[in-house]
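First comes the structure, then the notes that go with it.
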Ligand code: NAX
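Residue numbers (my numbering): 1 to 336.
Shown next, in the form of structure tokens:
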């Protein structure tokens, strides 16, 4: 990599905020961010890391910063650590909201929303007060769709479309399963998308997917799709916890990198999945943060792919997932 000091056409430094920086996902995410994996080899980054105000988080984050320093990343111009959200979001152009409590044993999804919702109210307010007016926000902390919904309501001075949630891991899991089943390279799988909520109700859609140019359903049958593919993608997070004893972290970080990279630089005409505030497309109530197939057109813009004719099954699955999003929105009404 060219040394930035000698680089003739270096872009301005991007301030990037990562919350929950001392956590599992943070540990996989930060090093790739600093290496240039998101904003490209011509764009230096300054990391602004937010953690909870407690001695253990501070201690762990100190160690992570020592390692970032030791990597001597040419593009990393500075690291700031703080437990003050406004300081963390100051001038940020890209934000990864990862920090949130994981679901505890015996906790329901509703309990998790009650625990984590207030975090995203506070952070929405701080983003509104301190971040760049065109900041791109990616919510990873669960329940990510509804957390993004809470967050944008508290950032009225920033365009709603700039608040998104992560369903790229679900898409990547779909692509990996299809490639493995057919023995084709992952890059030959195009048009797989995931609709709805990042939960077991998500609709992993391969109706328009092609693999090396061949329709996916010419290569895999409906039984495999229903009996293996759908449950495997939906339950993958649980399977990883059972195998590893910890939740998905490196694959989640990688999906976050993919999401922000494509949003920032464009998806080269490829369909990718992002959970974004609905504009009413496909009957999804306006404002709900829902997974859609999108195309990222470059310069930080994306468009929901329009005009898709969903099958009867697809429509029913999407409706079920949207119903869950509506219930979650109702549950957090007091926070809005
Ligand atoms: P960890 O528990 O390892 O790390 C979370 C970190 O966030 C901790 O260091 C904690 O101190 C910090 N934190 C908590 N509240 C905070 C606050 N208010 N401000 C700043 N920092 C705060 O969890 P990790 O494995 O990193 O997962 C983070 C989140 O990602 C969880 O909510 C998890 O459920 C979610 N995930 C989302 C995925 C997705 O596809 N959208 C997949 C992976 C993951 O399950």
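Where is the CB? At the ideal position from N, CA and C, for every residue including glycine.
Between the alpha carbons of residue 326 and residue 117 lies a gap of roughly 15 angstroms. Proximity of the beta carbon of residue 236 to the ligand NAX is not indicated: no heavy atom of the ligand is located closer than 7 angstroms.
In the three-state scheme derived from DSSP, where H, G and I count as helix and E and B as strand, residue 260 is classed as helix.
Taking every protein chain shown into account, the CB of residue 99 has 16 or more other CB atoms within 10 angstroms, so this residue is buried. Distance from the CA atom of residue 292 to the CA atom of residue 323, rounded to whole angstroms, is 15 angstroms. In the three-state reduction of the DSSP assignment, residue 111 falls in the helix class, which pools H, G and I. DSSP places residue 293 within a strand segment (E or B) once states are collapsed to three.
By the Cβ test, the region 133-144 is not in contact with the region 179-193, since fewer than three Cβ pairs between them sit closer than 8 angstroms. Distance from residue 47 to residue 30 at the Cβ level is roughly 7 angstroms; contact confirmed, criterion being Cβ atoms closer than 8 angstroms. Annotated three-state conformation of residue 136 is strand, per DSSP.
Counting only runs of at least 4 residues, the region 181-249 fully encloses the following alpha helix (DSSP H) elements, listed from N- to C-terminal order: 216-219, 230-234, 236-244. The beta carbon of residue 40 is closer than 7 angstroms to those of 265 in its chain, skipping five residues each way along the sequence. If you check the CB distance, residue 129 and residue 16 do not come in under 8 angstroms. Beta-bridge annotation (DSSP): residue 152 is not paired with any residue. Distance check between residue 281 and each of 304, 230, 42 places 304 closest, using alpha-carbon atoms only. Three or more beta-carbon pairs drawn from the region 162-170 and the region 252-263 are found closer than 8 angstroms, and the two stretches are therefore classed as touching. Boundaries of the beta strand (DSSP E) harbouring residue 96: 94-97, taken from the DSSP string.
When the alpha-carbon of residue 87 is set against those of 24, 19, 23, the nearest one is in 19. DSSP, reduced to helix, strand and coil, places residue 72 outside both helices and strands of the structure shown, so it counts as coil. Closest in C-alpha terms to residue 306, from the list 109, 320, 279, comes 279. Here the distance from the Cβ of residue 307 to the nearest heavy atom of the ligand NAX is not below 7 angstroms.
In terms of Cα proximity to residue 214, the closest of 151, 182, 80, 270 is 182.
In the structure shown, residue 277 adopts extended strand secondary structure according to DSSP, grouped into three states. No heavy atom of the ligand NAX is found nearer than 7 angstroms to the CB of residue 44. Relative to the non-hydrogen atoms of the ligand NAX, the Cβ of residue 276 never comes closer than 7 angstroms to any of them.
The Cβ-Cβ distance between residue 132 and residue 92 falls below 8 angstroms.
Just measuring C-alpha positions, the residue of 274, 314, 74 sitting nearest residue 205 is 314. Closest in C-alpha terms to residue 53, from the list 44, 63, 120, 84, comes 84.
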